[in-house]
Amino acid sequence: MKAEIIRVLGKPPYGPTLTLSKIVLAAYVLLALAAPAIAPQNPYDPLQIYGWEASSPPGTTGSGGYIYLLGTDGLGRDIVSSILYGLRISLLVSITSAAIAALIGLTAGVSAAYFGKWVDVAIMRLVDLQLSLPTILVALIAIVTLGPGIDRIILALIIAQWATYARVVRGVALSETGKSYIDAARLMRLPTSRIIFRHLLPNSIAPAVTLIPIEVGHAVALEATLSFLGLGVPIDKPSLGATVANGFQYLLTGQYWISLFPGLALVGLIASINLVGEDVRRRLDPRSRSI
Amino acid sequence: MTLEPADIPLLEVKNLGLRYLSASSPAPILHDVSFELGRGEILGIIGESGAGKSTLGNAIIGLLAPEFQRTTGTIQFDGKAVGAADDSGSSNVRGRRISAIFQDHTASLDPLMSVGAQLEETILATNETLSRRDARARALELMARVGIPEPDRRYRDYPHQFSGGQRQRVVIAIALAGSPDIIIADEPTSALDATVQKQILGLLRNLVEETHVSIILVTHDMGVISEIADRVLVMRNGRVVEQGVTSTILEAPRNAYTRGLLAAVPRLRISKPVPEKKTGRARTAPSSDCDHKSPTVTAEGVSKAFSPQGLHWRPHQGTIGFALRDVNIQIARGAITGIVGESGSGKTTIGRIVAGLDTAPAGKVTIGDNAFDVSQNGRRTGLLGRVQMIFQDPAVSLNPRMTIAETLRESIRFGAGLAPGEERPDMMAMMDRLGLARSLGDRHPHQLSGGQKQRVAIARALLARPEIVIADEPTSALDVSVQAEIVQLLKESITERNISMIFISHDLALVQDLCSAVYIFRDGRVEDSGPSDFIFSQSRNPYTRSLIDARPHRFTH
Amino acid sequence: MALISVAMGRLSQAFLLLLVMSVIGFIGIHSVGNPVFNVVNIETATPEDIQRATIALGLDQPVWRQYLLFIGNVVTGNFGTSYIYHLPAFGLVMSKLPATLELASIAMLVAAPVGTVLGLLAGRRNGTLLDRTILKTSVFALSIPSFWLSMMLILLGAILTGWFPSGGRGSTASLLGQEWSFLTWNGLWHLTLPALALAIPNIALIARLARSGTIEVESLDFTRFCRAKGLSSRRILFRHTLPNISVPIVTVIGLQFGGMLAFAVVVESIFAWPGIGKLLIDSIQLLDRPVVMATLTFISVAFVALNALVDLFYAVLDPRVRLSA
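Chains as they are written, first to last, in this note's numbering: chain G, 1 to 291; chain H, 292 to 848; chain E, 849 to 1173.
This is the structure:
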C-alpha cells in the first residue's frame, strides 16, 4: 500500500519534457557526428575564415556565399559552424572521460570492498578526501598541475570523477556482501572468482553504470567551465565552453550573439543529458525503481 | 464516565467502504465493514497483510491520506459522525478522545526531543487549561503509571536512550495523555521480544480495567488477541469475515478462513506426564535415531566477542562484549534440534559459526569424525560447505540476477559436485517434491511470492546433498498461513533424507512441534538444554519458565 | 567519544590534504624550469649570482631535503613570494579573502532562508502544481553552468536594463581594519549580481533537500503519531518537522559555503570581483605559481575545516550522536 502511494506521488513530474529531451539529445549527437559535412565553414581552417567579416550580426551574407545564420565571432568565424565543431570537442572530452573514470572507479570500488583491509583503507582514504572537496576544485587543482591540452583536460576530468564511482560501487558491493545469497554461495564452496563475477559484480555494477550518463552531463559542464576560465581546451580548437568564453568580452559591448547562441546550445545539451540520465538511472537501477 | 447509557455504543462503524484513488484505477480497500465498540472493551482486529486492518484503524482516527475516499457508510463516535480522511474536524477528537499507538516504537517518537517534552506537549495540547507545572507533574505521573522506573531521572532523556519496551511504554503514556475514550493500537507489540510483549499487553489490560478506556487492537498475531481481546473482528481482503466474543471465535470458529488462521498458530503443549503415550509425535522425534551419545555435530567452547565496528546506538542490555560465551552444543544424528532465544541471544551467531561462515577466536566444531578449528577461515579448514543453511529473509537469500534454475543448478554442480549437464533430473525431482511448478525455473526471484522463494531456498540447500541443514528463522518473514506449509515441507523433506537439522527460532511452539532436543540461549550462553519434552514440561530453569509463561495461555495446552 | 573520533578523522584528512597539495606544489614548482630564474634576471646574472641564489633558495640540497623544507613551509603557511607582486603569497591571499567571504556570506544569507521556505512549501504541498514548478525549476537551475548563469545575469541585469553594474566592487567602507562593500549603498549595488549568481544554484539545492526532507519526515510514524496525539499542524511543523529537517539542511549549508569558495573562482572572474577566486585565475594566467598553490591550498583546507565544523554542529544538533556512549 505504502509502496503504491510513493510510486504514484514519486512519479517523475516531467513526461513530455523527457520525450523532448530525448529527441534533443539525439539531435545533438547526430549534429556533432555530421558536423564536417553540414557545417558551412571549418572554423579550424584559417583559409575559410574572412577576418574582415568579424562580429557580423546574425543574418549577414558572408564572402563564402552562405548566410551567417547566427552571426560571426570576433575573428570572423561562423557561429553555427563553431557550435557544431565545439559540440564535437565537448562530447568527445566528456564521454571519454566519463567512461574511463567509470572503469577506474568500478575497479577501485570492487577491489576495496572485496579485498578489504589496507587496500580498502588506502583507496577509500583517497576517495573520501577527494569527495570532501567540490569537484570543480579538484578539477582546477588537476588542470593547474597538468597544464593545458585536450588530453590533459580529459585526464583532469577523470581525476575529478573516478572517486564518485568508486564510492558508489564500494558501498553497494559491501551491502551486497552482507546479504544471505552471498552466504549461500559461500556455503556451496563456489570458487572466489565465481562469487565475485557471478554474484557480487552483477548486483553491484548497476548503480555505477547508471551514473555514467549523469556524469557525462557533469563532465560537459565542468569542461565548459574550465575552458571558459581559459584552463581547458587550446584556443585554436574551442569546445562549446571556450566558444562562449571567446564571446564574453563582446557581450559587454552589445554583440550578444557571439556567446549567447553557443551558450544556449551548451545549456540545452547539459539539460537534455541530465534529464535523460535521470531517466536511465530510474529505469535501470532496481533500487530506485522499487522505491 | 461509566454512566453512559448501555444502548449507545461508544463507537459505531456502519457499512464502511473505502477506496484508494491511484493514478491508474481506483482500488477498493474496505467493503461494508460494520462493528461496534463499547466502553472499557478491547476489540481485536485480526488479519494477514493486505487485509485492510490498519487502514480501518487509520480511518477511525481520521489519519488517512487524502487519496483514500469513503464510498459508503458512516463512523459514529459517541453519537456524532467523524470523517475518515485527514481533516481539521477530526483534530478535536484526535488525541483528546481517540488516540493511537503504532507498531514501531522507535519511529513513533521524535528523535530530537526528550521524552518528557514530548509527553508535556501532548498534555498541553489536549488540556489548554493546565499550567506548565501541572503538565510536568502529570507527565511524571503518567511515566510512573506506565511503569518507567525513576521518571524524574528519565524525564530529560531522549528516545534512543530507552530500551524498546520502555519506548513503547512512553508511547502508551503519550497516548494516555489526553485521557482518551479510545486507543487504537496498531501492532503495539510485534516489534518486541516475547517476554516484553507479555508485559506490555498486561499493562494495556490494567489500563482498561482502571480507566475504562476502550482499545482497538490491530494485529496479525492470534496469540495477542487471545491474551487480551474481549471481542474479535476477523478481516480478509477488506471484508469482515467473522466477528464475535474472543472465546467463541477461538473455540468454535464458523468461518473457514478463521479456522485456517487458528490452525496455523503453533501451540505449545505442557504435559506433565510422560510423553510416550502421545500418538503422532513419533514422526517428529524419531526416538531410535535421536541418540545423544552419537552426535553428528558438536560445538565445544565457542566464544566470540562483539565485533567493535558498527555504530549501533541501540542500548545493549544485559552483558556487553560477548556474542557467545563458552557455548557447547550437540546435534543428534537424523534429528531436529532447536535453538531458541530472544534477539541478541547469540542463536544466529552459533549457527553461522557451525556452518563455517563466521569465525570465533576460541572453540572447536566436530562434524562426524572431523574436527574443525573455528578460529580459522572456514574455507581453509574445509568446514565451509559441510552444512547448508536456509536463511530468514527469502527476499535477500536468492541472487536477484539469476533465474531459479540457475541458482538450483549451481547448487547441484558446486554443492553436490555433479558434472555440468547432469543437474536436470535432480533439479526437476526436487522442484516437484517441494511443490514448485517447473515453469518457475525461468523466473527471477522478484517474480516469486515469499513462500515460493523460501521453497527455492530449501531446494537449494537440499540439492547440495548436505549432512546437516541449519534453518535460521525460516518462516518469520512469511505470512501465518504460509508459515505452516513451509514448516511442514521442511520437516518432511529433511526426515525423508535422514538429514540432521538445527532449527533456530524465537517461537517456542514451533520448536516444540519440530524438535526432539532444545537449547535455550540467553545473552550468548546456553541457559538451559535437554530433550524437548523435558524442557517444555519439567524444566525448573526460571528463564525457560518465563519464556513459556510469556506465551499466550490459550495456545498452551 | 563519537565527537572525538569525528574530529580526529577530519584532522587526519586535513593533514593528508596538506600532504597531497605539498607534493603537487613541489612538482609544479620544479617542473616549470629552474626556480632560480624567478629570483635573478636570466639575462644579466653572472654564474656567481646564480650560485648565490641557488644556495639562498636551498636548491643545492638533495631533493628529499628540499621537499622537507617545502613541506615545512606549506604547513606554516609560507608559500614563497609572488613572482608578480613580490609579496608573500599567503599574505596576498589573505588580503583578498574579505571580498570573497563577503560575497559568499551575502549569497548564503539569501540562499538559506529562500531555499528552505521554497522546499518546505513544495514538500508540504507534495504533488501540486506549486511543488512541480519548484522541483522543475530547481532541476533546471542546477544544470546551468555557473559561468553561463553569471553571463545571463550580466546580460539581463546590466546590459539590457542597466539596473546593476556589470562588474567591480564599488565603494567600500572600513570595519575591523578591512574594506567592505556591503556597508555602502554603492557597494551593495555592485554586490547584487555576483551574489545572485552564487545564490541561485544554492537556493535550488537547498530547496530540493528541504523538500525531500519534509516529505520524508512527514511520512514518518512520529509525525503521524503527533497528529494522532492531537497536536496542531503548526506545532508539528515548527517543533518537529523543522528541527528534524534542519539537521541535513545545516549540513548542506556548511558544505555549500565551502563550495562557494570554489565557485567564487568563476563568478569573481566574470564580475571582476577582486577576491581570491579572481586572484587564482589571474595568477594561473600570469604563471605566478606560489600564489596559485597558496590559493588552492587555502581553499582546500578551508573546505575541510568547514566540513569538520559541520560534523561537530551535526553532533550538537542530534542527540543520537551527541549522547552516544
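We put the CB at the ideal spot given by N, CA and C, even for glycine. Fair warning: this is a prediction, and the values are worked out from it, not measured in the lab.
- Annotation: P402(H) to E1064(E) spans about 14 Å, alpha carbon to alpha carbon.
- Contact with chain E is absent for A156(G), since none of that chain's Cβ atoms lies less than 9 Å from the residue's Cβ.
- Less than 9 Å divides the Cβ of L187(G) from the Cβ of A755(H).
- The Cβ of P1096(E) sits no closer than 9 Å to any Cβ of chain G.
- If you draw a 10 Å sphere on the C-beta of H737(H), you find fewer than 16 other C-beta atoms in it, and that means exposed.
- The alpha-carbon separation between S860(E) and G1010(E) amounts to approximately 50 Å.
- Under the 10 Å beta carbon count, D723(H) is surrounded by fewer than 16 other beta carbons and is classified as exposed.
- In the structure shown, G732(H) falls within a helical segment according to DSSP collapsed to helix, strand and coil.
- Residues of chain E whose Cβ lies closer than 9 Å to the Cβ of T60(G) do not exist, since the nearest Cβ in that chain is about 21 Å away.
- At a cut-off of 9 Å, the C-beta of W996(E) has a neighbouring C-beta in chain G.
- By the beta-carbon neighbour count (other beta carbons within 10 angstroms, threshold 16), W162(G) is buried.
- Contacts with chain E (Cβ-Cβ distance below 8 Å) from the region 217-233 of chain G involve G217, A221, A224, T225, F228, L229, G230 and L231, listed in chain order.
- Scanning the region 430-495 of chain H from its first residue to its last, the whole beta strand (DSSP E) runs of 3-plus residues come out as 473-477.
- A contact between stretches requires three or more CB pairs, one per stretch, nearer than 8 Å, and the region 917-924 of chain E fails this requirement with the region 1088-1107 of chain E.
- Only residues of its own chain outside the window of five on either side were considered, and among them V525, N546 and Y548 have a CB closer than 6 Å to the CB of V532(H), listed in chain order.
- For the pair E542(H) and L799(H), the Cα-to-Cα distance works out to about 22 Å.
- Under the criterion of beta carbons closer than 8 Å, P148(G) and L231(G) qualify as touching, at roughly 7 Å.
- With its beta carbon at least 9 Å from every one in chain H, N42(G) lies outside the interface.
- When C-beta distances to chain E are compared with 8 Å, the residues of the region 248-274 of chain G below that value are F248, L251, L252, G254, Y256, S259, L260, G263, L266, V267, I270, A271 and N274, in chain order.
- For F1111(E), the residues of chain G that pass the 8 Å Cβ criterion are P134 and I136, in the order they occur in the chain.
- With respect to the C-alpha of G217(G), the residue from I992(E), H1038(E), Y915(E) and H934(E) having the closest C-alpha is I992(E).
- Going by C-alpha positions, S823(H) is about 14 Å away from R831(H).
- N1092(E) reaches chain H at D401, P402 and L403, counting residues in chain order whose Cβ is nearer than 8 Å.
- Listed by position along chain H, the residues whose Cβ is nearer than 8 Å to that of Y114(G) form an empty set, because the closest Cβ is around 14 Å away.
- Inside the region 318-358 of chain H, DSSP marks whole beta strand (DSSP E) runs of 3 or more residues at positions 333-337, from first to last along the chain.
- The C-beta separation of S97(G) from L157(G) comes to about 4 Å, placing the pair in contact by the 8 Å criterion.
- In the DSSP annotation of this structure, the continuous segment of the alpha helix (DSSP H) that includes M1000(E) starts and ends at S994 to I1002.
- Closest by C-alpha distance to S1029(E), out of G1005(E), R1056(E), T948(E) and D1069(E), is T948(E).
- Here the C-alpha atom of L951(E) lies approximately 45 Å from the C-alpha atom of I38(G).
- Less than 9 Å separates the beta-carbon of H735(H) from that of T694(H).
- Look at N619(H) here: in three-state DSSP terms it is strand.
- Between the beta-carbon of V665(H) and that of I641(H) there is about 10 Å, and that puts the pair past the 8 Å contact cut.
- When Cβ pairs closer than 8 Å are counted between the two stretches, the region 507-527 of chain H is seen to touch the region 477-487 of chain H, the count reaching three or more.
- Between the C-alpha atoms of P652(H) and I795(H) there is a straight-line separation of about 22 Å.
- I463(H) places its beta carbon less than 9 Å from that of V437(H).
- Scanning the region 769-827 of chain H for uninterrupted beta strand (DSSP E) segments of 3 residues or longer gives 791-796, 808-813 and 816-822, listed from N- to C-terminal end.
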